[in-house]
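Some notes on the structure that comes next.
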Amino acid sequence: MPKAQETVLEIDLDALAHNYRYLRNKVAPETKFLAVVKAFAYGSDAEQVAIKLETLGVDYFAVAYVKEGVTLRDAGITRPILVLHPQPIHFDTIIKRCLEPSIYSPRILRLFLETAEQHGQKQYPVHLKFNTGLNRLGFWENDLDSILELLKDRNELKVLAIYSHLAASDDLNEISFTKTQIATFQKIATKLNSNLGYRPFQHLLNTSGILNYPTAQFDMVRSGIGLYGFGNEAKTDPRLKPVASLKTIISQIHRIEPGETVGYSRAFKATDYQITATLPVGHADGIGRQYGNGSTYVFVNGQKALIIGNVCMDMIMINVTGIDCKEGDEVLFFGKDISAEDFADTGNTISYELLAAISQRVNRLFIGN
Ligand SMILES: *Cc1c(COP(=O)(O)O)cnc(C)c1O
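7 is the number of the first residue of the sequence shown in my numbering; add one for each residue after it.
As structure tokens, then:
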């Protein structure tokens with residue numbers, strides 16, 4: 007592996023392929039597999055990740071917003087792309103770029119119908135999203151009548167699929183709640199199918215759902231975090247491989263006298279002689295202030311060094327007292343020796359937030375094929 011010469015997010019495409027195959031094997035062969043590549047593919051790189059997954063045979067992609075779908079089309083992605091949370095201002099673009107909108111409320115359905123009509127569309131594919139307990143986005147079960155009323159005698163749209171999202175698929179203390187969500191989803195599907203006169207396909211499970219609720223795969227599953235190497239549980243994580251590693255180098259080393267302080271607000275006070283290293287990465291790169299002041303360590307030549315003082319916008323200082331290192335040496339934030347999940351935990355957050363926060367200022371470096 008080449009040594010880092012600046013701050014880089016290394017993206018391991020072989021690890022991505024490994025994770026895809028692992029998860030794909032958990033799913034029935036006839037069940038479609040949708041890869042969630044929203045938020046720059048969880049902070050990695052949406053284009054390269056989607057291109058790789060398309061060659062591996064992924065059936066579907068999902069993004070949160072229309073702009074993200076456009077990026078994938080511009081990158082040459084030809085598989086269907088579901089837009090999970092589109093806004094009406096971009097409905098024209100959805101149709102122009104052949105994206106499939108998630109329709110999640112009567113207002114959105116009315117507005118998308120209008121746009122489809124203006125574009126002279128027939129049977130434009132849409133996914134109806136139902137709220138079964140997450141209470142975030144989606145039609146309620148009792149919206150079914152108004153949905154059917156709106157669609158009656160109209161040919162602009164085709165309900166290609168219906169779907170819902172689980173609130174706690176990772177939490178085995180919530181099995182009965184999750185089972186209720188699954189049952190509600192099935193009930194909605196049955197009612198809708200009998201009234202529509204055709205059967206849209208159905209999808210429900212995210213990564214933890216794939217791992218914990220194998221009987222609820224329906225016609226497609228939607229995986230995000232698992233593809234990037236995390237299964238939200240100690241049992242699965244060792245079988246997945248982290249795709250992203252954040253690395254940087256030591257810009258400068260300082261020898262600090264007792265009583266001296268480091269960084270803004272003089273937050274770190276040396277009680278002893280200390281050696282510190284300054285790194286070219288900061289909260290503008292996605293390593294927030296919660297990781298400062300001794301909360302978190304990074305790896306310098308395989309040894310743990312604590313982040314000291316306040317995290318700055320473009321710099322972080324670490325304590326390298328007693329660690330054999332020099333300016334220019336590589337520093338690992340997360341990747342192989344410490345997982346993004348464990349690193350995130352030191353800042354009281356989860357891998358999803360840490361990964362998706364790595365900003366576009368950090369160069370992405372691809373390894374593997
Ligand atoms: C983000 C998202 C997913 C992916 O969830 P993971 O836990 O990352 O697998 C699936 N479905 C919806 C609706 C989402 O918003």
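Glycine is no exception: its CB is placed at the ideal position from the N, C-alpha and C atoms.
Whole-Å CB distance - residue i paired with residue j, under 8 Å assumed
{"i": "ALA283", "j": "VAL326", "result": "5 Å"}
{"i": "ALA362", "j": "TYR26", "result": "Between TYR26 and ALA362 the Cβ distance is about 19 Å, and since that is not below 8 Å, they are no contact."}
{"i": "VAL268", "j": "GLY315", "result": "4 Å"}
{"i": "GLN1", "j": "THR138", "result": "One cannot answer for residue 1 here, as it falls past the ends of the chain, which runs 7 to 375."}
{"i": "LEU166", "j": "PRO206", "result": "6 Å"}
{"i": "HIS91", "j": "LEU140", "result": "That pair is no contact at about 13 Å."}
{"i": "THR302", "j": "GLY341", "result": "With 8 Å as the limit, THR302 and GLY341 do not qualify as a contact, their Cβ atoms being about 14 Å apart."}
{"i": "LEU19", "j": "ASN375", "result": "6 Å"}
{"i": "HIS96", "j": "LYS247", "result": "At roughly 35 Å, the Cβ-Cβ gap does not stay under 8 Å, so HIS96 and LYS247 are not in contact."}
{"i": "SER357", "j": "PHE224", "result": "In fact, because the Cβ distance is near 26 Å, the residues do not count as touching under 8 Å."}
{"i": "ASP98", "j": "THR77", "result": "The Cβ separation is near 17 Å, so there is no contact."}
Segment limits, beta strand (DSSP E) that includes residue i
{"i": "ILE57", "result": "Looking at the DSSP string, ILE57 is not in any beta strand (DSSP E); the run it does join, the alpha helix (DSSP H), is 52-62."}
{"i": "GLN309", "result": "309-314"}
{"i": "ARG370", "result": "369-373"}
{"i": "LYS253", "result": "250-255"}
{"i": "ASP15", "result": "Correcting the residue identity first, residue 15 is Leu in this sequence and not Asp. From DSSP, the beta strand (DSSP E) with LEU15 extends over 14-18."}
{"i": "GLU106", "result": "106-109"}
{"i": "SER229", "result": "226-229"}
{"i": "ALA167", "result": "163-169"}
{"i": "ASN31", "result": "Premise fails: ASN31 is in no beta strand (DSSP E) and is neither H nor E."}
{"i": "PHE339", "result": "336-340"}
{"i": "TYR303", "result": "303-306"}
{"i": "TYR66", "result": "66-69"}
{"i": "LEU88", "result": "87-89"}
Under 8 Å between C-beta atoms of residue i and residue j
{"i": "ALA290", "j": "ASP335", "result": "no"}
{"i": "VAL304", "j": "LEU338", "result": "yes"}
{"i": "GLU155", "j": "HIS133", "result": "no"}
{"i": "ILE216", "j": "GLY203", "result": "no"}
{"i": "GLU60", "j": "ARG85", "result": "yes"}
{"i": "TYR110", "j": "LYS164", "result": "no"}
{"i": "PHE183", "j": "SER170", "result": "no"}
{"i": "LEU15", "j": "ALA250", "result": "yes"}
{"i": "ASN212", "j": "SER229", "result": "yes"}
{"i": "PHE67", "j": "ILE57", "result": "no"}
{"i": "GLY328", "j": "ILE313", "result": "no"}
{"i": "ILE322", "j": "ILE293", "result": "yes"}
{"i": "GLU53", "j": "ALA81", "result": "yes"}
{"i": "ASP51", "j": "ARG370", "result": "yes"}
{"i": "ALA10", "j": "ILE364", "result": "no"}
{"i": "GLU333", "j": "SER257", "result": "yes"}
{"i": "PHE372", "j": "ILE100", "result": "no"}
{"i": "ASP65", "j": "LEU40", "result": "yes"}
{"i": "ALA174", "j": "GLU180", "result": "yes"}
{"i": "LEU198", "j": "ILE168", "result": "yes"}
{"i": "VAL43", "j": "VAL55", "result": "yes"}
{"i": "PRO94", "j": "LEU117", "result": "yes"}
{"i": "LEU172", "j": "LEU210", "result": "yes"}
{"i": "ILE194", "j": "GLU147", "result": "yes"}
Buried versus exposed call for residue i [16 or more other C-beta atoms within 10 Å across all chains shown]
{"i": "LYS38", "result": "buried"}
{"i": "LYS102", "result": "exposed"}
{"i": "LYS135", "result": "buried"}
{"i": "LEU330", "result": "Before going on, a small fix: residue 330 reads as Asp here, not Leu. ASP330 comes out exposed."}
{"i": "MET7", "result": "exposed"}
{"i": "PRO35", "result": "exposed"}
{"i": "CYS263", "result": "Looking at the sequence shown, residue 263 is not Cys but Glu. By the 10 Å Cβ count, GLU263 comes out exposed."}
{"i": "TYR234", "result": "buried"}
{"i": "GLN280", "result": "buried"}
{"i": "ILE162", "result": "Before going further, note that residue 162 is Glu rather than Ile in the sequence given. Its Cβ being crowded by 16 or more others within 10 Å, GLU162 is buried."}
{"i": "ASP348", "result": "exposed"}
{"i": "ALA240", "result": "exposed"}
{"i": "LYS253", "result": "buried"}
{"i": "GLU74", "result": "buried"}
{"i": "LEU178", "result": "exposed"}
{"i": "THR196", "result": "exposed"}
{"i": "ASP149", "result": "buried"}
{"i": "THR221", "result": "exposed"}
Opening and closing residue of the alpha helix (DSSP H) in which residue i lies
{"i": "GLN192", "result": "181-202"}
{"i": "PRO286", "result": "Looking at the DSSP string, PRO286 is not in any alpha helix (DSSP H), and its letter there is neither H nor E."}
{"i": "LEU150", "result": "150-157"}
{"i": "VAL72", "result": "72-80"}
{"i": "ILE259", "result": "Unbroken run through ILE259 is the beta strand (DSSP E), 258-262; no alpha helix (DSSP H)."}
{"i": "ARG113", "result": "112-124"}
{"i": "PHE46", "result": "44-49"}
{"i": "HIS133", "result": "No alpha helix (DSSP H) holds HIS133; the beta strand (DSSP E) holding it covers 130-135."}
{"i": "ILE100", "result": "97-102"}
{"i": "LEU211", "result": "Premise fails: LEU211 is in no alpha helix (DSSP H) and is neither H nor E."}
{"i": "PHE349", "result": "346-352"}
{"i": "LEU360", "result": "357-363"}
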